[in-house]
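K.L.:
Numbering (the working numbering), first residue to last: 171 to 480. Glycine residues also receive a C-beta, built at the ideal position from the N, C-alpha and C atoms. Just dropping this structure here.
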Amino acid sequence: MFQKNKNKIYKIKEKLDYFLAQWKNCRLCPRQCGVDRSKEVGFCQIKELSVYTAFLHRGEEPPLVGEKGSGTIFFSGCNLRCIYCQNFKFSHLRQGKVLDEPQLASLMLKLQAQGAKNINLVTPTHFLPQIIKALLIAYQQGLNIPIVYNSSGYERPEIIKALEGIVDIYLVDMKYFTSSASWLGSRTKDYPFYNRKAVKAMYQQIDFPFWEEGLLKKGIIIRHLLLPTMVKEAKRILWWIKANTPQAYISVMFQYRPYFKASSVPRLNRPPSYEEYLELKKLVEEIGLQGWIQEFNPPEELAGVHFNPF
Numbered sequence: 171m172f173q174k175n176k177n178k179i180y181k182i183k184e185k186l187d188y189f190l191a192q193w194k195n196c197r198l199c200p201r202q203c204g205v206d207r208s209k210e211v212g213f214c215q216i217k218e219l220s221v222y223t224a225f226l227h228r229g230e231e232p233p234l235v236g237e238k239g240s241g242t243i244f245f246s247g248c249n250l251r252c253i254y255c256q257n258f259k260f261s262h263l264r265q266g267k268v269l270d271e272p273q274l275a276s277l278m279l280k281l282q283a284q285g286a287k288n289i290n291l292v293t294p295t296h297f298l299p300q301i302i303k304a305l306l307i308a309y310q311q312g313l314n315i316p317i318v319y320n321s322s323g324y325e326r327p328e329i330i331k332a333l334e335g336i337v338d339i340y341l342v343d344m345k346y347f348t349s350s351a352s353w354l355g356s357r358t359k360d361y362p363f364y365n366r367k368a369v370k371a372m373y374q375q376i377d378f379p380f381w382e383e384g385l386l387k388k389g390i391i392i393r394h395l396l397l398p399t400m401v402k403e404a405k406r407i408l409w410w411i412k413a414n415t416p417q418a419y420i421s422v423m424f425q426y427r428p429y430f431k432a433s434s435v436p437r438l439n440r441p442p443s444y445e446e447y448l449e450l451k452k453l454v455e456e457i458g459l460q461g462w463i464q465e466f467n468p469p470e471e472l473a474g475v476h477f478n479p480f
């Protein structure tokens with residue numbers, strides 16, 4: 171374990187200046203705003219590291235949860251604008267508590283002490299320099315569980331490549347296959363372009379998973395949330411995964427509800443139907459992808475809109 175921590179500390183020290191440079195002339199995400207984030211805000215509209223809540227999450231994929239749960243940290247802000255976002259209170263409205271790097275490190279260590287099987291960083295991209303600093307402190311103080319990079323999938327592949335050796339598990343969305351669907355749901359036309367490049371970069375780092383005592387310690391899980399009227403879009407994503415990242419695990423989710431502003435878009439103003447669920451479930455089983463298929467109409471309390479701030 172000491173050697174693992176030593177390797178992580180070395181890798182973080184090696185990459186820290188790179189992430190700080192990306193932040194000072196912000197190129198952390200595909201928006202590439204170019205602002206000095208230490209002084210002003212970019213598209214994400216947030217400057218200081220802010221966390222909405224953190225807890226042992228039992229609603230994540232089974233190999234991330236174990237007996238106690240995944241040590242999940244929900245950061246405020248986001249570089250996407252999904253009109254149906256279930257986490258809108260902290261992603262869009264940017265609610266949360268400002269923390270410095272030592273406080274974030276203490277939070278990670280607290281989750282580990284509570285029995286967390288990993289540290290699960292939700293929407294971390296726009297705070298990467300601060301998170302990297304906090305990880306350095308936490309590793310020096312005894313953090314020794316895997317790091318999960320829980321991402322919307324709207325990432326620059328260069329940033330993902332720089333995370334090699336720091337991140338153990340990528341938990342990444344593939345939301346859309348076409349730019350028209352991406353614009354409809356997230357007001358972002360280039361999501362598919364960057365998403366596929368980023369997922370490939372993640373897969374190149376950890377194409378073969380590592381398991382220990384029934385838990386994933388290293389690997390990639392690709393999530394897809396089925397949106398209403400978008401079964402064809404979902405099928406194209408699954409076929410792409412089969413062709414390009416065959417050893418990745420998939421997590422097909424059916425918990426969509428028209429949260430936030432989704433009711434303003436007729437196509438998105440309902441949950442997926444049971445027929446849509448069965449159609450996509452059948453394809454997953456037919457093409458032999460490995461992973462998890464969520465039940466139809468899962469409990470609504472899994473949605474971030476119901477999480478309490480700390």
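Can you tell me whether V342 is buried or exposed, with buried defined as 16 or more other CB within 10 angstroms of its CB?
P.N.:
Buried is the call here.
K.L.:
At the level of alpha carbons, what is the spacing between I182 and L298?
P.N.:
Here the C-alpha atom of I182 lies approximately 11 Å from the C-alpha atom of L298.
K.L.:
Can you tell me whether K178 is buried or exposed, with buried defined as 16 or more other CB within 10 angstroms of its CB?
P.N.:
buried
K.L.:
Give the straight-line distance between the Cα atoms of K431 and L263, rounded to the nearest whole angstrom.
P.N.:
13 Å
K.L.:
Report the three-state DSSP secondary structure of S352 (helix, strand or coil).
P.N.:
helix
K.L.:
Can you give me the C-alpha to C-alpha distance between D338 and N365, rounded to a whole angstrom?
P.N.:
19 Å
K.L.:
Return helix, strand or coil for Q213, following the three-state DSSP convention.
P.N.:
This sequence places Phe at residue 213; Gln is not what is there. The answer is coil: DSSP assigns F213 none of H, G, I, E or B.
K.L.:
How close, in whole Å, do the beta carbons of P398 and L438 come, if the pair is a contact with beta carbons under 8 Å?
P.N.:
6 Å
K.L.:
Roughly how many angstroms separate the alpha carbons of K142 and E445, rounded to a whole number?
P.N.:
The question about residue 142 has no answer, for the chain in this structure spans 171 to 480.
K.L.:
What residues in its chain sit with their C-beta under 7 Å from that of E271, if we drop five residues either side in the sequence?
P.N.:
Q300, K303, A304 and I307
K.L.:
When burial is assigned at 16 or more other CB atoms within 10 Å of the CB, is R201 buried or exposed?
P.N.:
It is buried - the Cβ of R201 has at least 16 other Cβ atoms within 10 Å.
K.L.:
Can you check which of these residues, A404, H394, K259 and A413, is closest to K370 by C-alpha distance?
P.N.:
Among A404, H394, K259 and A413, the Cα nearest to that of K370 is on A413.
K.L.:
In chain order, what residues of the same chain have a beta carbon less than 7 Å from the beta carbon of I463, not counting five sequence neighbours either side?
P.N.:
V422, K451 and V454
K.L.:
Roughly how many angstroms separate the alpha carbons of I315 and C196, rounded to a whole number?
P.N.:
29 Å
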